[in-house]
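Encoded as structure tokens, the structure appears first; notes follow it.
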Amino acid sequence: MAYVIALVIVAFATWYLSNRLRRARLLLPPGPKPLPIIGCMLDLPSEKPWITYSEWSSMYNPDLVYIDLPMHPAVIIGSYTAAMDLLDKRSGIYSDRSPKVMYELTSWDYNTALMPYGQKWRTHRRVFHQHFHLGAVDVYRPVQLAVARRFLSWVLDMPEQSRRHVRQMTSTIIYRITYGKTIASMNHEYFIAAEKAVAGASMVSIPGAYWVEFFPFLKHIPSWVPGAKFRQVAEEILGHVINIRDKPFDEVREEFSKGTAPPSLAKILLEEVQAKHGTSSDFAFHEEVARNVAGIAYIAGADTTMAAAASATLALGMHPEIQQKAQAMLDELVGPNRLPDFDDIQQIPYIRAIVMEACRWMPPLPFLIPRVSLVDDEYKGYHIPKGCTLLPNVWAMSHNPEYYAEPDRFNPDRYFDKDGNIDPDVLDPTMLTQYWPFALLCNDYDQVLPYYWLVVCGFAEGGIKLSCDIPEAFGIIDPMAYATVLLVIGLITWYLSHKLRRTQPPLPPGPTPLPIIGNMLGMPTQRPWVAYSEWSTVYKSDMIYISLPLQPTIIVGSYKIARELFDRRSGIYSDRIPLVMDELTTWDFSTAFMPYGLWWRAHRRMFHEHFHSGAVDVYLPVQLAVARKFLLWVLENPKQTRKHVRQYGLTATIIYRVTYGKTITNMDHEYIVAAEKAVGALSMTAVPGAYWVEYFPFMKHIPSWMPGAKFKKVAEEIRSHVVSMRDKPYDDAKAEFSKGSAPASLARTLIEEVQGKYDEHPEAAYYDEVAKNVTGLAYAAGADTTMAAAVSVMLALALYPDVQRKAQALLDEVVGPDRLPDFDDLQELPYIRAIIMEAFRWMPPLPFVVPRASLVDDEYNGYHIPKGCTLIPNIWRMLRNPEDYPDPERFNPDRFIDKDGKIDPNVLDPALLIFGFGRRFPTSICSGRHFAMNTLDIYVASTLHVFDISAGVDANGVPVVLTSEYVGGMISGPRDFPTGFKPRSETALRLIREAKDSDIP
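Counting in full-length UniProt numbering, the sequence shown runs from 1 upward without gaps.
Right, dumping it as structure tokens:
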């Protein structure tokens, strides 16, 4: 029962947090892309996380990086400025700690550094501060001095054990001060327990190390259950924590009761508790506080001091010139006949500089204890949600070149001013750990310790390797835990979907979903637009809700709804949910599939600059010349006309000439082969439901050889074609440009622009990548819609000879029989444009366009549209709406012509649907719509002017029967194509043959 209750709590917490984030008006800080439900869990580093966090800060934002985690969203603070602004100046908001389940299970939550802010924390903090504030620590100096000098003899006797001697020294000082006793050897039980307890605390503190932190209900399962290895780890650490906290304190308490306890912090604390609370009801509470304060003393000093000591020792071994400089100062001040003491400290600032640099070079605490935001907050335009965990990355701050030039170099001189004093204008690295609550213990201790190291002759010339031995039992994640989490995810998804149904306006109608997997099994992968349209008819709605795991989807079946949502509410629906197959195949380089943002805008701006309506006239000579070459190809081999359309269209000759300045001589050209395969594959992978990896994105991480990973093999093959289409011709153009031999082309123009504006600029590589993508996009921008529309036109003209004869009569009237049409004639031939418009409507090249994503919860016509929902416009259904297009199955260009013989503006132009809606209207494909329409206009006019088009005959001379069957995926077209192309006259034959000797400019 407890397990079920825990699941309900998890589901509710997830729902609550998701709704809180939906209400945020500001953007979250940038960060790695999360997976649905589990967020960035799989991206969290378990080793040296501070390095990964620093890389993320460099990649996304130097101040704040957002990490999406289940129930525990986190923000990495990467700069000292941001840390000061938030954790210091706004400490009232960020003073709390984020509770961790592993702290609770190991009982490390007794440590005030890990304790939530409150009365219990304040009581512990007050007692600790009373005995370790700056004015109180002088009483411990005799112990520190004596043990430090004993440390020298340990090193002299066994220099190869110097690292262990450093550990022994710190433990001896803390143990003597806290419990009044001396650690006689490295095998002392307190020393061993403390080492293992601290090592365990270090491991469990790493964000993401244990999934029980994301799913706390797992803490209730017993340690013997498969997947509960974290419980075994916690129990082992718990034993060590009890040994360092309870056993020595209980021994002192027993000695105190007998009057034999030696002077120590524990004895003083017991005296205070006895005197103040001996007869009160809260005696047990305050004795527990005393026990905890004594127990955390080791952690308060030993960990940071030992690490800093080891780092300084390593640095001095690696930099003998620094060692010699410090020793010369010591020799001058102290002389050869005595050891330094605390009175010498203020006179040798270089020693302090060495300690400061050691804390910076290898910070003992590379990241600090996470904080929690108590309220919603804003910083530099970014939203920090209430309850968010903030993790200060000290390593990134201490290696920031803005504060520390050459940060990887150990250089104590960076802290000195021109007068040889510590420069107050250089950030003191110890300030980076000022948020560590027990730094006061080390205020003098970390200053005096290096004095004693530096007088030791014969320190190892090489470095001391720093490492942390982790017990083998400290596993991170095991398969059973992973499977458990997946089950929880499924249950959460199911619960959330039903919760939303009960608490929001009703979702649009749709097919009945199965539990957990929803409508996955019912998603059509063949001609999906037809199934979508049938659903709209069955459920009597032009909004159909499809329940899919992690990706609820709505099919939009009417232009009215699409216009309202995608145009008038474009701010909500301008983005899209990235497809995993786009990422795996690298098709995500296309702006049609990019999330809306700076990267998309950079591509859009560059593409639009060269393909907007005022720019495309420069390409007209190429389009006209290739259109006339096409006539000759058809004359010579009419049976291959469909291939000629591919070769003629933007897919090949025109676009290759425009983009790269070269001519394709045959259909076996490597660019044609790669581009055809890349675009053909895209048409299938973009079909919603074609690959289950879109519903379970974590599957993209499994290798291709595993059963069920066929999608990886498919993606790898497509990827090679996409790379060949995009990279090779551009790289060839760059090589020719560097030699001064590149022909005039879009690629050459873009390369000139990039090098002219950004040469030797840090953004040069960025814009060169944009230019490569834009040239690679040119094929996709025209190949799909233009080629499919060109094929559809030819089929329609063969099936509807009356349309063909009417168009030819108009051409004869405007152009005459003695020449071929050119672009100047097209203004007087609106019927040619009407034929193309009707081809777009009758067989839309894109039966559904790139899906959108709702950025917030929305409502339309009484239906709820959830945030993150995918919306798919069913263009095929919209273009068959009898209210807009009577008798929609009939090919009828006259529907677009008004009584004056011109294009009727009152009839919905199918291009408005084909080329998109709203702010995403100018995607890469849509930016090329003017170029595409020019190509289709001259292609249709030229072909109709010289050829009569019929179905043709097969190889046996039998007339071919054409159908209007429509096939494909995201990019679709007719199955059949006519092969009967007969010159209309001898004059027409002459005009066609004259194109043989013409050159393509």
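From the three backbone atoms N, C-alpha and C, an ideal C-beta is built for every residue, glycine too.
C-alpha gap between residue i and residue j, whole angstroms
i, j, result
"V658", "T775", "10 Å"
"V212", "C359", "33 Å"
"R502", "H864", "Because the pLDDT of R502 is 45, which lies under 50, any placement of that residue in the model is unreliable, and the question is left without a value."
"D822", "Y939", "10 Å"
"I432", "H72", "Note on identity: in this sequence residue 432 is Leu, with Ile being the wrong assignment. Cα-Cα distance, rounded: 24 Å."
"R563", "D727", "37 Å"
"R568", "P743", "44 Å"
"V622", "Y573", "37 Å"
"P801", "D668", "34 Å"
"G901", "G518", "51 Å"
"V693", "A353", "55 Å"
"H124", "M318", "41 Å"
"G816", "L829", "13 Å"
"G278", "E287", "10 Å"
"L991", "L820", "7 Å"
"A328", "Q346", "16 Å"
"R576", "D824", "40 Å"
"V198", "Y766", "45 Å"
"H612", "I718", "30 Å"
"E254", "A284", "16 Å"
"I369", "D376", "20 Å"
"F981", "G957", "15 Å"
Residue i in three-state terms, based on DSSP
i, result
"P959", "strand"
"N243", "helix"
"A771", "helix"
"A307", "helix"
"P873", "strand"
"T389", "strand"
"E883", "coil"
"I77", "strand"
"F981", "strand"
"P49", "helix"
"L507", "coil"
"L432", "helix"
"V645", "helix"
"S950", "strand"
Of the listed residues the options, nearest to residue i (C-alpha basis)
i, options, result
"K48", "S720, V616, T663, A396", "A396"
"E55", "P845, D68, I77", "I77"
"G862", "F416, P505, Q130, R805", "P505"
"L799", "K267, Y671, F891", "F891"
"P880", "F840, V856, F915", "According to the sequence displayed, residue 880 carries Arg and not Pro. R880 has its Cα closest to that of F840, out of F840, V856, F915."
"P888", "W842, V791, E859", "W842"
"S398", "I422, L427, K219", "L427"
"I67", "L86, D43, M84, A405", "D43"
"A807", "R929, S720, D937", "D937"
Contact belief for residue i with residue j at Cβ below 8 Å, rounded distance in angstroms
i, j, result
"S972", "P847", "5 Å"
"E838", "F896", "7 Å"
"V803", "A796", "7 Å"
"residue 1018", "N292", "Residue 1018 lies beyond the range of the chain shown here (1 to 1001); nothing can be said about it."
"R628", "A988", "Their Cβ separation, rounded to whole angstroms, is 12 Å, which puts R628 and A988 out of contact at 8 Å."
"M606", "V791", "Actually they are not in contact, since the Cβ atoms of M606 and V791 sit about 30 Å apart, beyond 8 Å."
"W50", "N400", "Rounded, the Cβ-Cβ distance is 13 Å, inconsistent with contact."
Near the ligand GTP: residue i beta-carbon under 7 Å from a heavy atom
i, result
"A294", "Looking at this structure, you won't find the ligand GTP or any other ligand, since it has none at all."
Three or more C-beta pairs closer than 8 Å, one from the segment 937-957 and one from the segment 871-878: is that the case here?
The answer is no - the segment 871-878 does not touch the segment 937-957, with fewer than three Cβ pairs under 8 Å.
Give a yes or no on contact between the segment 547-564 and the segment 523-536, applying the rule of three or more CB pairs nearer than 8 Å.
Segments in contact, yes.
Between the segment 161-170 and the segment 142-151, are three or more C-beta pairs nearer than 8 Å?
Enough Cβ pairs lie closer than 8 Å, so yes.
Is the number of C-beta pairs between the segment 827-834 and the segment 783-798 that are closer than 8 Å three or more?
No, the segment 827-834 is not in contact with the segment 783-798.
Do the segment 745-757 and the segment 631-641 touch if we need at least three Cβ pairs shorter than 8 Å?
These segments do not touch.
Is the segment 81-94 close to the segment 375-390, with three or more CB pairs under 8 Å?
Cβ pair count under 8 Å is three or more, so yes.
Is there contact between the segment 267-287 and the segment 232-240, where contact requires at least three CB pairs shorter than 8 Å?
Short answer: they don't touch.
Can you find at least 3 beta carbon pairs, one from the segment 356-371 and one from the segment 393-411, that sit closer than 8 Å?
At 8 Å Cβ cutoff, the stretches touch.
Take every Cβ of the segment 580-594, pair it with every Cβ of the segment 710-717, and state whether three or more of those distances are shorter than 8 Å.
As far as the Cβ criterion goes, the segment 580-594 touches the segment 710-717, which means the pair count is three or higher.
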